[in-house]
Amino acid sequence: MPEPILQLLLIPLIKIVVLLVVVLLIVAYLTYAERKILGYMQVRLGPNRVGPKGWLQPVADGLKLLVKEDLVPGGAEKLVFIIAPAIVMVPALVMFAVIPFGEPFKVAGMTVTPYLADINIALLFILGVSSLGVFGIILGGWSSNNKFSLMGGLRSAAQMVSYEIPMGFAIVSAVLMAGTLSMVGIVEAQRAAHIWFFIPGVLGFGIYWVCGVAETNRNPFDLPEAEAELVAGFHTEYSGMKFALFYLAEYANMMIVSAMAVVMFCGGWLPPFPNLLAGLWALPVLAWIPGVVWFLAKMSFFLFCYIWFRGTFPRYRFDQLMNVGWKWLFPLSLANVMLVALGVLLLKG
Amino acid sequence: MDFLVSNFAEILFYILAGLAVLGSVGVITLKNPVHAALSLLGTFFIVAVLFVLQHAEFLAAVQVMVYAGGIMVLFLFVIMLVSVRDLKTQAAFLSPLVPVAVIGAILVGALIASAVLLGVFASGSGSAEALQMVDGEVLGNTEAVGMVLYTKYLVPFEVVSVVLLVAMIGAIVFGRKDRFIEEPEGEVGL
Chain A
2 MPEPILQLLL IPLIKIVVLL VVVLLIVAYL TYAERKILGY MQVRLGPNRV
52 GPKGWLQPVA DGLKLLVKED LVPGGAEKLV FIIAPAIVMV PALVMFAVIP
102 FGEPFKVAGM TVTPYLADIN IALLFILGVS SLGVFGIILG GWSSNNKFSL
152 MGGLRSAAQM VSYEIPMGFA IVSAVLMAGT LSMVGIVEAQ RAAHIWFFIP
202 GVLGFGIYWV CGVAETNRNP FDLPEAEAEL VAGFHTEYSG MKFALFYLAE
252 YANMMIVSAM AVVMFCGGWL PPFPNLLAGL WALPVLAWIP GVVWFLAKMS
302 FFLFCYIWFR GTFPRYRFDQ LMNVGWKWLF PLSLANVMLV ALGVLLLKG
Chain B
198 MDFLVSNFAE ILFYILAGLA VLGSVGVITL KNPVHAALSL LGTFFIVAVL
248 FVLQHAEFLA AVQVMVYAGG IMVLFLFVIM LVSVRDLKTQ AAFLSPLVPV
298 AVIGAILVGA LIASAVLLGV FASGSGSAEA LQMVDGEVLG NTEAVGMVLY
348 TKYLVPFEVV SVVLLVAMIG AIVFGRKDRF IEEPEGEVGL
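Respectively, the protein sequence lines represent chains A and B.
According to this note's numbering, the first sequence is numbered sequentially starting from 2.
According to this note's numbering, the second sequence is numbered sequentially starting from 198.
See the structure below:
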């Protein structure tokens, strides 16, 4: 086989398949982890019937959703109703293309990069693609021809528009510190600076994380699907695999937000606390643990936080949500950008 | 096969350009306003891909980000004004056909004329590399756009931002219910 075809087609194709399988597996078991952790937080066992300790629960759930009857409500706008779940799911998966899970390593003389693409606008790419995903939510809500769905979709749109702005500015503060929009470049900048960016940029990190939780419609910002007011929000009328797509996309988006937090503020695949453990850099144990493990460990921590919040916080009211977004996070994020820019200017000259 | 490989970018360009034209025709011919807005979204997305083909990655990302937000607002208008049930009885907005067709023909003519005059159809070298050379220095796409925008075109850039500010203030002034009575605190929104 000629070299360019191998390089341009076969290797990326293998990577895409591996990435999709791993991401979907993590997403499936994230739902299991959520139910289990919430169970322990509420002093009960959680799923424990299917397989040992309930390990096969996600498989059973997936099978059930696959074979379930797929209803389209009579008054629905059929075409839009059917493509809406796909519009939510595709951007959620596409964003994984630019997430760097580890540093390049060598296998049998070939350099393998544990990410699909290192593009010089990776952060902008993620922001752009993530803003497409919400179209699926609002289209799904509208096409169901159900007032609860419509309200859920509208809330989601308002929430996305409000929280995307402070989130963008928080990302800008990380970009200012790193001086690049490439995800790999940001991690390398943290290695060069011997510090994770959440230490100098703690305010930006906080704003990013709050906005990230809001962007994924998770508790305490899960107003688009508030059970007490809106039945199930935008996916009230969805059943079977279409509902599963909405559900999986939410968890995939949680992974993306966590992975972005790891890359931008927590050193990506680097071992922890380079500034405190400066002398321990060369320790064989730390050097032996591959970067992918560090990355996944940090990402798991943020995913755990998501579940922890769900077990802890009550849901906000919608006017509170808007107040927090526009009157607190937005001005704070603007001030943060100026502060970080000043700091970078003073330190780097 | 060799022809495909050597002209890959060009073939891709014509396919995408065709899709973009189809999408924009869909925007004005589809009767369902939501389908039209979706078609607009698709068109902008394909234009972003065309930017990527021209090595203008920054523009592509900004195109998706800005227009996705803009179309979102358009969607909200459509959704608030039209319900699914009423769609079938909606008439198409095609009554003043003749003046629209005349204006459209003039615009297309102007577009083709300018394209011919500026030599877009001539097989010149791409301008992407020229853009990335700022002051004799080769920069990344984002840096190049930033450098040009904040040095050479600083004044127009600032003027545009003032115009946008005026539009925003105007919207806020018109959007207020009553200019003389303060709204009560803690009102529940949406």
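Just so it is clear, CB atoms sit at the ideal spot from N, CA and C, and this is done for glycine as well.
Computed from a predicted model, the values in this text were never measured in an experiment.
Min CB distance residue i to chain A below 7 Å
i                            : result
glutamate 340 of chain B     : no
phenylalanine 274 of chain B : no
CB of residue i within 7 Å of CB of residue j, strictly
i                            : j                            : result
tyrosine 252 of chain A      : valine 28 of chain A         : yes
methionine 242 of chain A    : leucine 94 of chain A        : no
phenylalanine 247 of chain A : histidine 236 of chain A     : yes
isoleucine 268 of chain B    : leucine 237 of chain B       : yes
glycine 387 of chain A       : tyrosine 164 of chain A      : One cannot answer for residue 387 of chain A here, as it falls past the ends of chain A, which runs 2 to 350.
alanine 85 of chain A        : leucine 140 of chain A       : yes
isoleucine 257 of chain A    : methionine 90 of chain A     : no
proline 225 of chain A       : arginine 156 of chain A      : yes
alanine 61 of chain A        : valine 51 of chain A         : yes
glutamate 254 of chain B     : isoleucine 200 of chain A    : no
valine 338 of chain A        : valine 176 of chain A        : no
phenylalanine 144 of chain A : glutamate 189 of chain A     : Phenylalanine is not the amino acid found at residue 144 of chain A; the sequence shown has serine there. No, these two residues do not count as a Cβ contact at 7 Å.
alanine 258 of chain B       : threonine 240 of chain B     : no
lysine 299 of chain A        : valine 263 of chain A        : yes
valine 136 of chain A        : isoleucine 166 of chain A    : The sequence as given places phenylalanine at residue 136 of chain A; valine does not occur at that position. Against a cut-off of 7 Å, the Cβ pair of isoleucine 166 of chain A and phenylalanine 136 of chain A comes out as no contact.
glycine 134 of chain A       : glycine 142 of chain A       : no
proline 59 of chain A        : threonine 32 of chain A      : yes
valine 130 of chain A        : proline 92 of chain A        : yes
glycine 234 of chain A       : asparagine 146 of chain A    : no
leucine 256 of chain B       : phenylalanine 210 of chain B : no
methionine 255 of chain A    : threonine 313 of chain A     : no
Cβ neighbour criterion (16 or more within 10 Å) applied to residue i
i                         : result
valine 185 of chain A     : buried
glycine 363 of chain A    : The question about residue 363 of chain A has no answer, for chain A in this structure spans 2 to 350.
valine 203 of chain A     : exposed
alanine 302 of chain B    : exposed
leucine 41 of chain A     : First, the residue type needs correcting, since residue 41 of chain A is tyrosine and not leucine in the sequence shown. Classification of tyrosine 41 of chain A: exposed, given that the 10 Å Cβ count is below 16.
tryptophan 295 of chain A : buried
glycine 215 of chain B    : exposed
isoleucine 309 of chain B : exposed
proline 48 of chain A     : buried
Contact set between residue i and chain B, taken where Cβ atoms lie within less than 8 Å
i                      : result
glycine 213 of chain A : Near glycine 213 of chain A there are no residues of chain B at all, since even the closest Cβ is about 17 Å away, more than 8 Å.
Start and end residues, beta strand (DSSP E) containing residue i
i                            : result
threonine 112 of chain A     : 111-113
valine 44 of chain A         : Neither: valine 44 of chain A is in no beta strand (DSSP E) and is coded neither H nor E.
phenylalanine 106 of chain A : 106-108
Contacts that residue i makes with chain A (C-beta to C-beta distance below 8 Å)
i                            : result
glycine 266 of chain B       : Ser132, Val162 and Glu165
phenylalanine 255 of chain B : Ile122 and Leu125
methionine 262 of chain B    : Leu125, Leu128, Gly129 and Ser132
CB contact below 7 Å: residue i versus chain B
i                         : result
glycine 122 of chain A    : Checking the displayed sequence, the identity of residue 122 of chain A turns out to be isoleucine instead of glycine. By this cut-off, isoleucine 122 of chain A is an interface position.
valine 158 of chain A     : For the record, residue 158 of chain A in the displayed sequence is alanine; it is not valine. Yes - at least one Cβ of chain B is within 7 Å of the one on alanine 158 of chain A.
tryptophan 197 of chain A : no
tryptophan 329 of chain A : no
Beta-carbon neighbours of residue i, restricted to chain A and to distances below 7 Å
i                            : result
phenylalanine 241 of chain B : Residues of chain A passing the Cβ test: none, with the nearest at roughly 10 Å.
Neighbouring residues, chain B, relative to residue i (Cβ below 7 Å)
i                            : result
phenylalanine 126 of chain A : Ala258
leucine 182 of chain A       : Thr339
Chain-ordered neighbours of residue i on chain A, where CB pairs are closer than 9 Å
i                      : result
leucine 209 of chain B : Residues of chain A passing the Cβ test: none, with the nearest at roughly 14 Å.
valine 231 of chain B  : Glu78, Val81, Leu140, Trp143 and Ser144
Run of the alpha helix (DSSP H) containing residue i, from where it starts to where it stops
i                         : result
lysine 79 of chain A      : 79-95
tyrosine 248 of chain A   : 241-266
leucine 64 of chain A     : 58-68
isoleucine 208 of chain B : 205-226
glutamate 238 of chain A  : Run containing glutamate 238 of chain A: none; DSSP gives neither H nor E here.
isoleucine 120 of chain A : Segment: none, isoleucine 120 of chain A is in no alpha helix (DSSP H) and carries neither H nor E.
alanine 194 of chain A    : 184-194
valine 347 of chain B     : It should be noted that the sequence gives tyrosine, not valine, for residue 347 of chain B. Element bounds for tyrosine 347 of chain B: 338-347.
aspartate 71 of chain A   : It is not in any alpha helix (DSSP H) - aspartate 71 of chain A carries neither H nor E in the DSSP assignment.
Proximal residues of chain B, C-beta to C-beta of residue i below 9 Å
i                            : result
phenylalanine 136 of chain A : Leu235, Leu238, Ala265, Ile268, Met269 and Phe272
beta-carbon residue i near the ligand PLP non-hydrogen atom, thresh 6 Å
i                         : result
tryptophan 289 of chain A : Absent from the structure shown: the ligand PLP. Ligands present: none.
Test: residue i CB closer than 7 Å to a CB of chain E
i                      : result
proline 221 of chain A : Here the protein chains are A and B, and chain E is not one of them.
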